[in-house]
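Asks: Below is one structure. I have some questions about it.
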Amino acid sequence: MNGDGALDRLRREGRIVVVGASLAGLRAAETLREKGFTGSLTMIGDEPHEPYDRPPLSKQVLLGAATADGTALPRRRALDATWRLGVRATGLDMAARRVRLADGDEVPYDRLLIATGVRARPWPREEEAGLDGVFVLRTLDDAAALGRRLAEGPRRVFVIGAGFTGSEIASACRERGLAVTVAERGAAPLVGALGGVVGAVAAELQREHGVDLRCGVMVTALEGDASGRVRAAHLSDGSTVETDVVVVSLGATRNTEWLAGSGLGAGPRGIACDAGCRAFDIRGIVTDDIYVAGDVARSPHPLFGYQFLSLEHWGNAVCQAEIAAHNMLSESADRLPHMWVPAFWSAQFGVNIKSVGVPSMGTEILVSQGSLMDRRFVGVYGYQGRVIGAVAFDHARWLPFYQELIETTAPFPPAFPMVGRSPGGQRPVDADFPDPSVPTHGPTVTLSGYSPADRRMTFTPAH
Amino acid sequence: MRLVVDLNRCQGYAQCAFLAPDVFAMHGEEALLYRPEADEAQRGRLAQAAAACPVQAIVVDAVDAPAEAASGER
Ligand SMILES: Cc1cc2nc3c(=O)[nH]c(=O)nc-3n(C[C@H](O)[C@H](O)[C@H](O)COP(=O)(O)OP(=O)(O)OC[C@H]3O[C@@H](n4cnc5c(N)ncnc54)[C@H](O)[C@@H]3O)c2cc1C
Ligand code: SF4
Chain A
1 MNGDGALDRL RREGRIVVVG ASLAGLRAAE TLREKGFTGS LTMIGDEPHE
51 PYDRPPLSKQ VLLGAATADG TALPRRRALD ATWRLGVRAT GLDMAARRVR
101 LADGDEVPYD RLLIATGVRA RPWPREEEAG LDGVFVLRTL DDAAALGRRL
151 AEGPRRVFVI GAGFTGSEIA SACRERGLAV TVAERGAAPL VGALGGVVGA
201 VAAELQREHG VDLRCGVMVT ALEGDASGRV RAAHLSDGST VETDVVVVSL
251 GATRNTEWLA GSGLGAGPRG IACDAGCRAF DIRGIVTDDI YVAGDVARSP
301 HPLFGYQFLS LEHWGNAVCQ AEIAAHNMLS ESADRLPHMW VPAFWSAQFG
351 VNIKSVGVPS MGTEILVSQG SLMDRRFVGV YGYQGRVIGA VAFDHARWLP
401 FYQELIETTA PFPPAFPMVG RSPGGQRPVD ADFPDPSVPT HGPTVTLSGY
451 SPADRRMTFT PAH
Chain B
1 MRLVVDLNRC QGYAQCAFLA PDVFAMHGEE ALLYRPEADE AQRGRLAQAA
51 AACPVQAIVV DAVDAPAEAA SGER
């Protein structure tokens, strides 16, 4: 305890406000109570729903195996919080320690946690995005609306973007027997996250399951009929696809606009924070009372050259929220760093895909177990002579082993003889990531900082 | 009752699918599919499944449905 007992007072009767009442917000709130915080807790969320889980939205829910409103997150404990749901936070006054709300209210805080996540990037042309039958998939309401439309049995579903979400949507549609076309600007599905070698496997998988996959093309326009319903998509190769449903799956935008002008280090790439989840202000000075967690955060990771990472990963949101909550109530010497090793899962076309580390940082890949041909394998990614990531297709039980290699910065290619390795996968090859300046569907890991060795910096004024 | 499975942790041991087949099912060789909302009738089985999961990946409601979460409430 520090001399003046301020921290003790905070724990007993402080005011903690959480903006963003979803996965990270809920887990942080639970952790605060678990750590003995007895003050007032306010949860602010712009969605009208209590915290719910998003991964099932593109899996169980689209398959019809669960309803969209049935994905509320379980409560690990009672929260005794004041909930302000369905109201957006619109501003932050750092000096006065107040959060402004859309309904005109202001909520004072002693400690603030920002967990406003990301939102789906809409189809850029507003008129076309507004056509009936054009969807995105990020929220419960999105999933409910899309699920209803799929249940009506459209003749074809057109998915724009073959990242994880787009691919999962295509998979669910195929499983429901719906015709699907997927358009991807990159050379293969998942190419931004896993590279071209693994992307080629994903492409085969899609085609084998009857997806009409078009890679290396852009959608140039969506066309509606007289009643404002989408009826076709036009592609850059001159072709046209007739469709009743379009799902725009072009990645996400960070919800930071509400912080504009607040003085917090928040922008389109997220909110910069230190490894202890404390937000930076625009001068690069760390704040004492504002914390960040989940998809909206970007924080330096010692395992990855202290580069700032933004991760759109479920596990990251949970872990970072717990760390933020712990640190909020801790003396500086007791604070913990957020050192979670990135991990991600996806299920599509009957295959369990999991990754650890940051495959997209890798330049080379070695198929260390199984084979690409069987679609059961582990691919290890190398970066500057060390293991930086790994991906498993239906081989998930091996991943903890590779996680340890990443954590111990083991050399790449790994020097040990590998079990179940097939011929042909002996040598590392170029992992074949697209030029990062050429956008694909939007990655789920963004390297948004600068390693000490990287001096390429550009100053971009806001206006 | 609400539940969530930390699928980063889940190793596809299928213990849960064996103990509570109405809630958990394998989807393909390795992937787990579960219903995020289970009937009250499943409570016992769900508790068994959560306890039997070798990596403790299943999180089930520890408190009753939160009446406290209401929109716009002050
Ligand atoms: C369809 C889908 C499938 C996914 N599948 C996987 C998967 O298989 N594996 C995996 O690891 N991850 C997956 N994810 C990612 C995972 O769901 C996210 O990483 C996680 O939800 C992040 O939680 P969060 O709390 O940081 O942000 P979010 O869940 O985005 O929550 C942020 C909340 O803040 C609210 N908010 C925003 N701005 C404001 C404001 N100004 N005022 C008040 N409230 C605000 C938002 O409306 C939202 O409710 C998936 C995501 C989606 C959408
Ligand atoms: S018992 Fe646990 S590890 Fe096994 S399938 Fe179920 S959740 Fe996964």
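Protein chains in written order, with UniProt numbering: chain A, 1 to 463; chain B, 1 to 74. The beta carbon of each residue, even a glycine, is placed where N, CA and C say it ideally should be.
1. Excluding five sequence neighbours on each side, which residues of the same chain lie with their C-beta closer than 7 angstroms to the C-beta of A:Gly267?
2. Straight-line CA distance for B:Val55 to B:Arg9?
3. What residue range does the alpha helix (DSSP H) around B:Leu32 cover?
4. Determine the burial state of A:Thr38: buried for a count of at least 16 other Cβ atoms within 10 Å of its Cβ, exposed for fewer.
5. Taking CB distances under 8 angstroms as the criterion, tell me whether A:Gln206 reaches chain B.
6. Please return the same chain residues whose Cβ sits closer than 7 angstroms to the Cβ of A:Val17, not counting the five positions on each side in sequence.
7. Let me know the secondary structure DSSP gives A:Ile169 once reduced to three states.
8. Check whether chain B comes within 8 angstroms of A:Glu13, counting only Cβ atoms and requiring the distance to be less than that.
9. So, with DSSP's three-state summary, where would you put residue 464 of chain A?
10. Is A:Ala188 buried or exposed, if buried means 16 or more other CB atoms sit within 10 Å of its CB?
11. Report all residues from its chain with a CB closer than 7 angstroms to the CB of A:Pro55; omit the five preceding and five following residues, and keep chain order.
12. Report the three-state DSSP secondary structure of A:Met218 (helix, strand or coil).
13. Where does B:Met26 fall in DSSP's three states?
14. Is the beta carbon of B:Gln15 closer than 8 angstroms to that of B:Ala38?
15. Quick one: list the residues of chain B neighbouring A:Thr71, beta-carbon separation under 9 angstroms, in chain order.
16. A:Val292 and A:Ala275: beta carbons closer than 8 angstroms?
17. Return the CA-CA distance between A:Trp345 and A:Gly238, expressed in angstroms with no decimal places.
18. Helix, strand or coil: which one does DSSP assign to A:Arg149?
19. Does ligand 1 have even one heavy atom less than 7 angstroms from the beta-carbon of A:Pro55?
20. Quick one: is the Cβ of A:Gly20 within less than 7 angstroms of any heavy atom of ligand 1?
21. With distances taken between CB atoms, is the gap from A:Ala181 to A:Arg207 smaller than 8 angstroms?
22. Checking 8 angstroms against the spacing of the C-beta atoms, do A:Ala431 and A:Ile353 come in under that value?
23. Between A:Ile169 and A:Val246, how many whole angstroms is the CB-CB distance? I'm expecting something under 8 angstroms.
24. Just how far apart, CA to CA, sit A:Ala252 and A:Gly5?
25. Consider the Cβ of A:Val351: report whether some Cβ of chain B lies at a distance smaller than 8 angstroms.
26. So with CB distances below 9 angstroms, who are the chain B contacts of A:Asp295?
27. Rounded C-beta distance between residue 528 of chain A and A:Leu23? I'm assuming under 8 angstroms.
28. Can you determine whether any heavy atom of ligand 1 sits closer than 7 angstroms to the C-beta of A:Ile16, and answer yes or no?
29. Helix, strand or coil for residue 512 of chain A per DSSP?
30. What residues are listed by DSSP as bridge partners for A:Lys354?
31. Give me, in chain order, the residues of the same chain whose beta-carbon lies closer than 6 angstroms to that of residue 467 of chain A; leave out the 5 immediate sequence neighbours on both sides.
32. Does at least one heavy atom of ligand 1 sit under 7 angstroms from the Cβ of A:Glu50?
33. Per DSSP, what kind of secondary structure is B:Ser71 in: helix, strand or coil?
34. For the alpha helix (DSSP H) that A:Ala6 lies in, which residues bound it at each end?
35. Using a 10 Å radius around the Cβ and a threshold of 16 neighbouring Cβ atoms, would you call residue 487 of chain A buried or exposed?
36. May I ask you to check if the CB of A:Asp141 is nearer than 7 angstroms to at least one heavy atom of ligand 1?
Replies: According to the data block:
1. Taking the first residue of the first sequence as position 1, residue 267 of chain A is located at position 267. The residues are Thr256.
2. By one-based count along the second sequence, residue 55 of chain B stands at place 55. By one-based count along the second sequence, residue 9 of chain B stands at place 9. So the alpha carbons of these two residues sit roughly 7 angstroms apart.
3. By one-based count along the second sequence, residue 32 of chain B stands at place 32. First-last for B:Leu32: Ala31 to Tyr34, but that is the beta strand (DSSP E), not the alpha helix (DSSP H).
4. Residue 38 of chain A sits at position 38 when you count from the first residue of the first sequence. Looking at its Cβ environment, which holds fewer than 16 other Cβ atoms inside 10 Å, A:Thr38 is exposed.
5. Walking along the first sequence from the start, residue 206 of chain A turns up at place 206. No, its Cβ sits nowhere closer than 8 angstroms to a Cβ of chain B.
6. The residue you call residue 17 of chain A lines up with position 17 of the first sequence. Taken in chain order, the residues that qualify are Thr42, Ile44, Val99, Val107, Tyr109 and Leu112.
7. Position 169 of the first sequence, counted from the first residue, corresponds to residue 169 of chain A. Here A:Ile169 sits in helix by DSSP.
8. As a working note, residue 13 of chain A is residue 13 in the first sequence. Not an interface residue.
9. What the structure shows of chain A is the stretch from 1 to 463, and residue 464 of chain A is not part of that stretch, so it cannot be assessed.
10. On the first sequence, residue 188 of chain A is found 188 positions in, with the first residue counted as 1. Counting Cβ neighbours within 10 Å, A:Ala188 comes out buried, since at least 16 surround it.
11. Residue mapping note: residue 55 of chain A aligns to position 55 of the first sequence, counting from 1. Only Trp314 meet the Cβ criterion.
12. Numbered from 1 along the first sequence, position 218 holds the residue referred to as residue 218 of chain A. Coil, per DSSP.
13. By 1-based counting over the second sequence, the position of residue 26 of chain B is 26. Of the three classes helix, strand and coil, the one that applies to B:Met26 here is strand, per DSSP.
14. By 1-based counting over the second sequence, the position of residue 38 of chain B is 38. By 1-based counting over the second sequence, the position of residue 15 of chain B is 15. Not in contact: B:Ala38 and B:Gln15 (Cβ atoms no closer than 8 angstroms).
15. Sequence index remark: in the first sequence, residue 71 of chain A carries index 71 (1-based). The contacting residues are Arg2, Val4, Pro36 and Glu37.
16. Translated into positions along the first sequence, residue 292 of chain A becomes position 292. Translated into positions along the first sequence, residue 275 of chain A becomes position 275. The answer is no: Cβ separation not under 8 angstroms.
17. Sequence index remark: in the first sequence, residue 345 of chain A carries index 345 (1-based). Sequence index remark: in the first sequence, residue 238 of chain A carries index 238 (1-based). Each residue's Cα considered, the two are about 35 angstroms apart.
18. In the first sequence, residue 149 of chain A corresponds to position 149, counting from 1. Helix.
19. Looking up residue 55 of chain A in the first sequence gives position 55. Yes.
20. Sequence index remark: in the first sequence, residue 20 of chain A carries index 20 (1-based). Yes; taking the cut-off as 7 angstroms, the Cβ of A:Gly20 has a heavy atom of ligand 1 nearer than that.
21. Along the first sequence, read from residue 1 onward, the residue named residue 181 of chain A stands at position 181. Along the first sequence, read from residue 1 onward, the residue named residue 207 of chain A stands at position 207. According to the sequence displayed, residue 181 of chain A carries Thr and not Ala. Not in contact: A:Thr181 and A:Arg207 (Cβ atoms no closer than 8 angstroms).
22. Position 431 of the first sequence, counting from 1, holds the residue named residue 431 of chain A. Position 353 of the first sequence, counting from 1, holds the residue named residue 353 of chain A. No; because the gap between Cβ atoms is not below 8 angstroms, this pair is not in contact.
23. In the first sequence, counting from the first residue as 1, residue 169 of chain A sits at position 169. In the first sequence, counting from the first residue as 1, residue 246 of chain A sits at position 246. Their Cβ separation, rounded to whole angstroms, is 11 angstroms, which puts A:Ile169 and A:Val246 out of contact at 8 angstroms.
24. On the first sequence, position 252 is the one that residue 252 of chain A refers to. On the first sequence, position 5 is the one that residue 5 of chain A refers to. Answer to the nearest angstrom: the Cα atoms are 42 angstroms apart.
25. Your numbering for residue 351 of chain A matches position 351 in the first sequence. Interface residue, yes.
26. Within the first sequence, the letter at position 295 stands for residue 295 of chain A. Residues of chain B passing the Cβ test: none, with the nearest at roughly 15 angstroms.
27. What is shown of chain A runs 1 to 463, which leaves residue 528 of chain A out entirely.
28. Translated into positions along the first sequence, residue 16 of chain A becomes position 16. No - ligand 1 has no heavy atom lying nearer than 7 angstroms to the Cβ of A:Ile16.
29. Chain A is shown only over 1 to 463; residue 512 of chain A falls outside these bounds and no answer can be derived.
30. Taking the first residue of the first sequence as position 1, residue 354 of chain A is located at position 354. A:Lys354 pairs with A:Trp345 and A:Ala392.
31. Chain A is shown from 1 up to 463; residue 467 of chain A falls before or after that span and cannot be answered.
32. In the first sequence, counting from the first residue as 1, residue 50 of chain A sits at position 50. No, the beta carbon of A:Glu50 sits no closer than 7 angstroms to any heavy atom of ligand 1.
33. Residue mapping note: residue 71 of chain B aligns to position 71 of the second sequence, counting from 1. Low local confidence applies: a pLDDT of 49 at B:Ser71 is under 50, so the model's placement there is unreliable, with the coordinate-based value given in what follows. B:Ser71: coil per DSSP, three-state reduction.
34. Walking along the first sequence from the start, residue 6 of chain A turns up at place 6. Its alpha helix (DSSP H) spans residues Ala6 to Glu13.
35. Residue 487 of chain A cannot be examined here, being either before or after the span of chain A that is shown, 1 to 463.
36. On the first sequence, position 141 is the one that residue 141 of chain A refers to. Outside the cutoff, so no.
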